[in-house]
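J.: Pasting a structure below so you can have a look.
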Amino acid sequence: MAPRKKAQVAFLSAVVLLFLSGLFTYFVVARLMASEKWEVHSIEVRAALGDIDSAIANAGRARSGYMISQTDDFLNQFDKAVPEISNRFQHLRELTRDNPGQLDLCSRLQTVTNQRIALLAQSIALKKRAPDDHQGQADLDRQGVSLSSQMTSLTAQMRSEEQRLFDLRERTTHRLFVLTVVTLAIVFVVALELLAVHYRLLATELQRREDAEQMARNSEDSLRRLTARLLELQDVERRKFSRELHDSLGQYLVGVKMNLEMFATRRNEDLLAEAIRLLDQSIAETRTISHLLHPPLLDEAGLSSAAKWYLEGFAQRSGIAVSVDLPDDASRLPKPIALALFRVLQESLTNIHRHSNSSKADVTLRLQSNQVVLQIRDYGKGISSDMLDNFRAEGTKSGVGLAGMRERIRELGGQLRIQLASPGTQVNVTMPLPVRSASASLNAAD
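Its first residue numbered 1, the sequence shown is counted upward by one per residue in this note's numbering.
Following this line, the structure appears as structure tokens:
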């Protein structure tokens, strides 16, 4: 997967993770709020029980006050406390309607409380009717003690149940809170890691883009230097061929002209023979120059024949023994590839003759299923490390010949490598073959 795609996946994953954590937080907060609401509900139930106890106590104090003073003020307080108790029970029933157990205890408590209030009312009525009936009051008090005990027990059960529910809800709230904090912390760390991965991948992509731009600028600078050097060498080559034409072919033609002029006046057969010999030398010189510029065998017979012709002439002129291993089916190579390999061969052998001080060289051409490989090796002093480093850095300081070979090969999708041998230097050229040419090579090999 490409770095840019990985960065997009990391960023989208972080966004999705944060979105999901937001949803999770929303639901957990809703649960927390609901749990807190139930905690408040338990507190309200216990507060309602306390209000009922307070209202019952107010009724009991009003009855006791009336027993002592027998004033209407305490009767009014009692009359106000009785409906207040009923209202408080109504509120408690509303609070406990979602809990059948608590609602049942509330009903039983209300029944016992009503019985207790009824005894208090009987006690007041007895006091009004028979103020000195102490025995009757004592009987009513004994009944009230039993009812009070039941009221206390029922109230304690309801309080205990609400306390249990409160503790359970509080533990649930605590667990939800801890779960929320841990989950958010993990999500935050993972999201940070994903964003860090996104940043690193983007930084890598930007660095690669900057490197590519720098390589493009370097290639552009190298191309400008190469172009300038090529133009300079083009002028040098033109001057060289100008001198060759003037000093060799031109001199031969001048000699022919002079001999023909003298033959026209003297009619000496030796002058005519000399003119013919000079014309033969001119033809040979013209053919040599033409072959060096572009060997006709390359178009007519293919790379193998042209290379063998060139290598024979090179060995004769330079005195360097050349070992040749060329397949006959190299003539099937496409013309652009054949020409590029021939120019590399020319440039490499010229460098061997000029710089290596080698007494022999090896030239090997291999046709494979999908590529052609050319190897040229000498056994001389070897290329200098500085020139090799400049070549690998794709600069033009390595020589315009080497840079020109590399650009020519690169345009055809191939690769040129130069490496130190032991001893000497080896040039390796790898060129991809079109599908049709590769198939033809395989058929020829079969």
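Backbone N, C-alpha and C fix where the C-beta goes; we use that ideal spot for every residue, glycine too.
These numbers were taken from a predicted model, which means no experiment stands behind them.
Quick check on DSSP: helix, strand or coil for Lys360?
T.: strand
J.: Is the separation between the beta-carbon of Ile409 and that of Met387 shorter than 9 Å?
T.: Against a cut-off of 9 Å, the Cβ pair of Met387 and Ile409 comes out as no contact.
J.: Just to confirm, are Met158 and Gln102 a CB contact at a threshold of 9 Å?
T.: yes
J.: Whole-angstrom Cβ separation of Ser318 and Lys360, contact assumed at under 8 Å?
T.: The beta-carbon separation of Ser318 and Lys360, rounded to 11 Å, does not stay under the 8 Å limit for a contact.
J.: Return the chain-ordered list of same chain residues with a C-beta closer than 8 Å to the C-beta of Leu17, the five sequence neighbours on each side being excluded.
T.: Val187, Val190, Ala191 and Leu194
J.: Going by DSSP, what residues sit across from Arg417 in a beta bridge?
T.: Asn428
J.: For Arg417, which residues from the same chain have a beta carbon less than 7 Å from its beta carbon, with the 5 sequence-adjacent residues on both sides left out?
T.: Asn428
J.: Which one of Lys6, Asn58, Glu162 and Ala125 has the shortest CA to CA distance from Val40?
T.: Ranking Lys6, Asn58, Glu162 and Ala125 by Cα distance to Val40 puts Glu162 first.
J.: Nearest to Arg277 by alpha carbon, out of Arg267, Thr265 and Lys257?
T.: Lys257
J.: Cβ of Gln77 within 9 Å of Cβ of Arg61?
T.: It is a contact, given that the beta carbons lie within the stated cut-off.
J.: To which residues of the same chain is Arg209 closer than 8 Å at the C-beta, ignoring the five residues directly before and after it?
T.: The same chain holds no residue with a CB closer than 8 Å to that of Arg209 once the five nearest residues on each side in sequence are set aside.
J.: My assumption, with CB atoms under 8 Å, is that Val363 sits in contact with Ile383. Please give the rounded CB distance.
T.: The pair is not a contact, with the Cβ atoms about 17 Å apart (cut-off 8 Å).
J.: Contact between the stretch 13-27 and the stretch 40-54: three or more CB pairs below 8 Å?
T.: no
J.: Would you mind sorting Glu213 into buried or exposed? The rule is 16 or more other CB atoms within 10 Å of its CB.
T.: Around the C-beta of Glu213, fewer than 16 other C-beta atoms lie within 10 Å, and the residue is accordingly described as exposed.
J.: Out of Ile320, Lys335 and Gln281, which has the shortest C-alpha to C-alpha gap to Ala306?
T.: Lys335
J.: Decide if Gln110 is buried, meaning its Cβ has at least 16 other Cβ atoms within 10 Å, or exposed.
T.: So Gln110 counts as buried.
J.: Is DSSP giving Gln150 helix, strand or coil here?
T.: helix
J.: Output the boundary residues of the beta strand (DSSP E) element that contains Arg88.
T.: Note, Arg88: premise wrong, no beta strand (DSSP E); alpha helix (DSSP H) at Asp72 to Leu95.
J.: Counting only the same chain and skipping the five closest in sequence on each side, list residues whose C-beta sits under 6 Å from that of Leu420.
T.: Gly382
J.: Please report how far the alpha carbon of Thr217 lies from the alpha carbon of Glu411, in whole angstroms.
T.: Residue 217 is actually Arg in this sequence, not Thr. Going from the Cα of Arg217 to the Cα of Glu411 covers about 18 Å.
J.: Residues in the same chain with beta-carbon distance under 7 Å from Arg31, minus the five sequence neighbours each way, listed in chain order, please.
T.: Leu176
J.: Could you check which residue in Ala156, Arg224, Ser282 and Leu279 has the C-alpha nearest to that of Ala47?
T.: Ala156
J.: Please list, in chain order, all residues of the same chain as Arg447 whose beta carbon is under 7 Å from its beta carbon, the five residues on each side excluded.
T.: Because the chain in this structure spans residues 1 to 446, residue 447 falls outside the shown range and cannot be described.
J.: Give me the residue from Leu341, Asn357 and Arg354 with the minimum Cα distance to Leu367.
T.: Leu341
J.: Does Leu140 come out as helix, strand or coil in the three-state DSSP assignment?
T.: helix
J.: Three Cβ pairs or more, each shorter than 8 Å: is that satisfied between the stretch 84-91 and the stretch 49-56?
T.: Here the stretch 84-91 lies against the stretch 49-56, with 3 or more beta-carbon pairs under 8 Å apart.
J.: According to DSSP, is Ile376 helix, strand or coil?
T.: strand
J.: Count the other CB atoms within 10 Å of the CB of Arg171; is the residue buried (16 or more) or exposed (fewer)?
T.: Around the CB of Arg171, fewer than 16 other CB atoms lie within 10 Å, so the residue is classed as exposed.
J.: Just the Cα atoms here: how many angstroms apart are Ala203 and Leu12?
T.: A straight line joining the alpha-carbon of Ala203 with that of Leu12 spans about 17 Å.
J.: Leaving out the 5 sequence neighbours to the left and right, which residues in its chain are closer than 6 Å to Thr350 when beta-carbon positions are compared?
T.: none
J.: Here's a check: name, in chain order, each residue in its chain whose Cβ is nearer than 7 Å to the Cβ of Gln8, leaving out the five neighbours to either side.
T.: none
J.: Taking the beta strand (DSSP E) that Ala321 belongs to, which residues open and close that run?
T.: Note, Ala321: beta strand (DSSP E), Ala321 to Asp325.
J.: Can you check whether the CB of Leu154 is closer than 9 Å to the CB of Leu140?
T.: With respect to Leu154, Leu140 sits apart: the two C-beta atoms are not nearer than 9 Å.
J.: Buried or exposed: which applies to Asp325, given that a residue is buried once 16 or more other Cβ atoms fall within 10 Å of its Cβ?
T.: Taking all protein chains in view, the Cβ of Asp325 is surrounded by fewer than 16 other Cβ atoms within 10 Å, so the residue is classified as exposed.
J.: So, helix, strand or coil for Thr396, using DSSP?
T.: In this predicted model, Thr396 has a pLDDT of only 46, less than 50, meaning its place in the structure is not dependable; the value taken from the coordinates is given anyway. Here DSSP, grouped into helix, strand and coil, assigns Thr396 to coil.
J.: If we call anything under 9 Å between Cβ atoms a contact, is Ser369 one with Gly424?
T.: no
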